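A.B. asks: In our numbering, the protein residues as written are -12 to 441. Supplied in structure tokens, the structure appears directly below.
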């Protein structure tokens, strides 16, 4: 049977922020270790962020010699030549992967595909199946057990202009689950680390945001493996397939990496506005439908998961626009792992947000903030950007009320004019050139490599 999936989501212009990948890998590998050293590390982060105004490029430490340790950003990942650790891990998983052939292409072209109505592969794109046919695989998380509760999460981050949105969440005392794309983390490491220090849950959203069932099994593994490897000291245990495109073959690979598949039943469709497929009023209608169903008792026995994004200014402003009404209509807005009563959301022994009862009664353990960040203080004093606030339904504003250059509007023309999937020529040259910038970068990189968790 033929199906018509949504248009492929490769790298929309508003995502194409690929200016500064040259020196960021040392930050990715070592920043969590630096954070643990206290106030001095917070000052280091603040200095590194001084050059970052919204989506302007910034560099931290020499990474040119380490670029070969990761796939090319925004290209479908594959196991790198000579990566014996990855090969060994794949060898330990592949025997348990069912012999299900790939479906369509990684770009979401399923034309000409003949698929059985029996849905033997539990293919979500075809049937919204969430209960795997393959024995031993857990069911996908598509709703949550706690009634009157909305699992609050955002896909496709980190976004280079998300500071006003994250400031708003801090001001509300609201934690969320952030499903991060590996290539975005590579591009915007400080923005990714802000989520960690603010206490949000981090989950995997693949390396390059492709349709996973269209990839070979080795490449499915690589899309997840290298994304997990990006941030040391935090190894997520959850992931969300882009577009929800998952079947039992992909689930088996994710399960082998210790990742639980998280989906949704309510879709804001906010990401489609940028492609012109959906109107802004249609996104409003999707939020209104969720609110109406909550008011009508649809969640009296089970909670909901809403698909939303930090993809661009519209999607984040839309989240802020509806936040107060969601919070007043649902009894609880909580991160996904909290909703599942999972007090160990990472492989490592890290402080968590607690179980559902702890979080909703204010007895959450939470992630301790760095003394210099103030991220968990309830005040908008993050070193990642000038303090800024975002009013419901408004454009991001600076604290003084003037339009903020850090987060307002869509990305600057210098970013949006770049062809999709292509790094600006200046950045390509810097990736090739690579310059040593200070001993601290080497120190961070060395510590990160020693502590890297795969």
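Beta carbons: idealized from backbone N, C-alpha and C, even for Gly. If you're wondering where the values come from, they're calculated on a predicted model, not measured in any experiment.
Alpha carbon to alpha carbon, how far is residue 286 from residue 135? Give it in angstroms, no decimals.
C.D. replies: Position 148 of the chain shown, counted from the start, is the residue given in the question as residue 135. Position 299 of the chain shown, counted from the start, is the residue given in the question as residue 286. Spanning the two alpha carbons is a distance of roughly 5 Å.
A.B. asks: How many angstroms separate the CA atom of residue 70 from the CA atom of residue 331?
C.D. replies: To locate residue 70, count along the chain shown from 1; it is residue 83. To locate residue 331, count along the chain shown from 1; it is residue 344. In a straight line, the C-alpha of residue 70 is about 29 Å away from that of residue 331.
A.B. asks: Name the two residues that bound the continuous alpha helix (DSSP H) containing residue 329.
C.D. replies: Against the chain shown, residue 329 aligns to sequence position 342. Unbroken run through residue 329: none, as it is neither H nor E.
A.B. asks: Where do the N-terminal and C-terminal ends of the alpha helix (DSSP H) with residue 80 fall, by residue?
C.D. replies: For the purposes of this step, residue 80 is taken as the residue at position 93 of the chain shown. Here the alpha helix (DSSP H) through residue 80 covers 71 to 80.
A.B. asks: Give the secondary structure of residue 339 by DSSP, where H, G and I count as helix, E and B as strand, and everything else as coil.
C.D. replies: Here the question's residue 339 lines up with position 352 in the chain shown. Coil, per DSSP.
A.B. asks: Hey, how far is the Cα of residue 277 from the Cα of residue 343?
C.D. replies: Position 290 of the chain shown, counted from the start, is the residue given in the question as residue 277. Position 356 of the chain shown, counted from the start, is the residue given in the question as residue 343. Their Cα atoms are separated by approximately 22 Å.
A.B. asks: Among the residues of its own chain, which have a CB less than 7 Å from the CB of residue 116, if the five just before and after it don't count?
C.D. replies: Position 129 of the chain shown, counted from the first residue, corresponds to residue 116. The answer, listed in chain order, is 106, 109, 110.
A.B. asks: Measuring CB atoms only, is the segment 126 to 134 touching the segment 240 to 250, in the sense that at least three cross pairs come out at less than 8 Å?
C.D. replies: Result yes; three or more Cβ-Cβ pairs closer than 8 Å.
A.B. asks: Assuming the contact rule is C-beta atoms closer than 8 Å, residue 158 and residue 141 should be a hit. Round their C-beta distance to whole Å, please.
C.D. replies: Walking along the chain shown from the start, residue 158 turns up at place 171. Walking along the chain shown from the start, residue 141 turns up at place 154. About 17 Å; that fails the 8 Å criterion.
A.B. asks: Give the DSSP-derived three-state secondary structure of residue 344 in the structure shown.
C.D. replies: To locate residue 344, count along the chain shown from 1; it is residue 357. If DSSP states are grouped into helix, strand and coil, residue 344 belongs with the helices.
A.B. asks: In or out: residue 104 buried (at least 16 other Cβ within 10 Å) or exposed?
C.D. replies: As a first step, residue 104 is located in the chain shown; it is residue number 117 there, counting from the start. By the 10 Å Cβ count, residue 104 comes out exposed.
A.B. asks: Using only the alpha-carbon positions, how far apart do residue 172 and residue 144 sit?
C.D. replies: Within the chain shown, numbered from 1, the residue matching residue 172 stands at position 185. Within the chain shown, numbered from 1, the residue matching residue 144 stands at position 157. Distance between the alpha carbons of residue 172 and residue 144: 8 Å.
A.B. asks: Is residue 292 closer than 8 Å to residue 138 when the C-beta atoms are compared?
C.D. replies: One-based indexing of the chain shown puts residue 138 at position 151. One-based indexing of the chain shown puts residue 292 at position 305. Yes, the Cβ-Cβ distance between residue 138 and residue 292 is below 8 Å.
A.B. asks: Span of the beta strand (DSSP E) holding residue 141?
C.D. replies: Here residue 141 corresponds to residue number 154 of the chain shown, with the count starting at 1. Note, residue 141: beta strand (DSSP E), 140 to 144.
A.B. asks: Leaving out five residues on either side along the sequence, give the residues of the same chain with a beta carbon under 7 Å from the beta carbon of residue 77.
C.D. replies: For this step, residue 77 is matched to residue 90 along the chain shown. Taken in chain order, the residues that qualify are 66, 205, 208.
A.B. asks: Could you tell me if residue 267 is buried or exposed, where buried requires 16 or more neighbouring beta carbons within 10 angstroms of its beta carbon?
C.D. replies: For the purposes of this step, residue 267 is taken as residue 280 along the chain shown, with counting starting at 1. Result: exposed.
A.B. asks: Comparing C-alpha positions only, which one of 234, 189, 125 sits nearest to residue 88?
C.D. replies: Residue numbering aside, residue 88 sits at position 101 when the chain shown is read from its first letter. Per the Cα distances, 234.
A.B. asks: Is residue 128 helix, strand or coil when you go by DSSP?
C.D. replies: As a first step, residue 128 must be located in the chain shown, where it is residue number 141. Of the three classes helix, strand and coil, the one that applies to residue 128 here is strand, per DSSP.
A.B. asks: List the residues that DSSP assigns as beta-bridge partners of residue 66.
C.D. replies: One-based indexing of the chain shown puts residue 66 at position 79. Partner(s): none; residue 66 has no beta bridge.
A.B. asks: Between residue 201 and residue 92, is the Cβ-Cβ spacing less than 8 Å?
C.D. replies: On the chain shown, residue 201 is found 214 positions in, with the first residue counted as 1. On the chain shown, residue 92 is found 105 positions in, with the first residue counted as 1. Yes.
A.B. asks: Go ahead and pull the three-state DSSP assignment for residue 442.
C.D. replies: The structure shown does not extend to residue 442, since the chain is modelled only from -12 through 441, so no value can be given for it.
A.B. asks: From what residue to what residue does the beta strand (DSSP E) around residue 297 run?
C.D. replies: The sequence position of residue 297 within the chain shown is 310, counting from 1. Careful: residue 297 lies outside any beta strand (DSSP E) and carries neither H nor E.
A.B. asks: Quick one, which of 274, 97, 191, 152 has its alpha-carbon nearest residue 165's?
C.D. replies: Walking along the chain shown from the start, residue 165 turns up at place 178. Considering only alpha carbons, the answer is 191.
A.B. asks: Nearest CA to the CA of residue 230: which residue from 307, 224, 94?
C.D. replies: Within the chain shown, numbered from 1, the residue matching residue 230 stands at position 243. Looking at the Cα atoms, 94 is the closest of the given residues.
A.B. asks: Answer with buried or exposed for residue 210, where buried requires no fewer than 16 other C-beta atoms within 10 angstroms of its C-beta.
C.D. replies: Counting from 1 along the chain shown, the entry for residue 210 is found at position 223. Per the 10 Å Cβ criterion, buried.
A.B. asks: Give the single residue among 62, 80, 55 whose Cα lies nearest to the Cα of residue 68.
C.D. replies: As a first step, residue 68 must be located in the chain shown, where it is residue number 81. Here the closest residue by C-alpha is 55.
A.B. asks: Where do the ends of the alpha helix (DSSP H) carrying residue 221 lie?
C.D. replies: As a working note, residue 221 is residue 234 in the chain shown. It is not in any alpha helix (DSSP H) - residue 221 carries neither H nor E in the DSSP assignment.
A.B. asks: Along the beta strand (DSSP E) that carries residue 320, what are the first and last residues, could you check?
C.D. replies: Counting from one through the chain shown, the residue named residue 320 turns up at place 333. Counting along the chain, the beta strand (DSSP E) containing residue 320 begins and ends at 319 to 321.
A.B. asks: Please report the straight-line C-alpha distance between residue 320 and residue 308, rounded to a whole angstrom.
C.D. replies: One-based indexing of the chain shown puts residue 320 at position 333. One-based indexing of the chain shown puts residue 308 at position 321. The alpha-carbon atoms of residue 320 and residue 308 are separated by roughly 15 Å.
A.B. asks: For a test of the three-state rule: what should DSSP assign to residue 230, helix, strand or coil?
C.D. replies: Taking the chain shown and counting its residues from 1, one reaches residue 230 at position 243. If DSSP states are grouped into helix, strand and coil, residue 230 belongs with the helices.
A.B. asks: What would DSSP say about residue 188, mapped onto helix, strand or coil?
C.D. replies: Along the chain shown, read from residue 1 onward, the residue named residue 188 stands at position 201. Looking at residue 188 - three-state DSSP - the assignment turns out to be strand.
A.B. asks: Under 8 Å between the Cβ atoms of residue 170 and residue 60?
C.D. replies: Along the chain shown, read from residue 1 onward, the residue named residue 170 stands at position 183. Along the chain shown, read from residue 1 onward, the residue named residue 60 stands at position 73. Yes, these two residues count as a Cβ contact at 8 Å.
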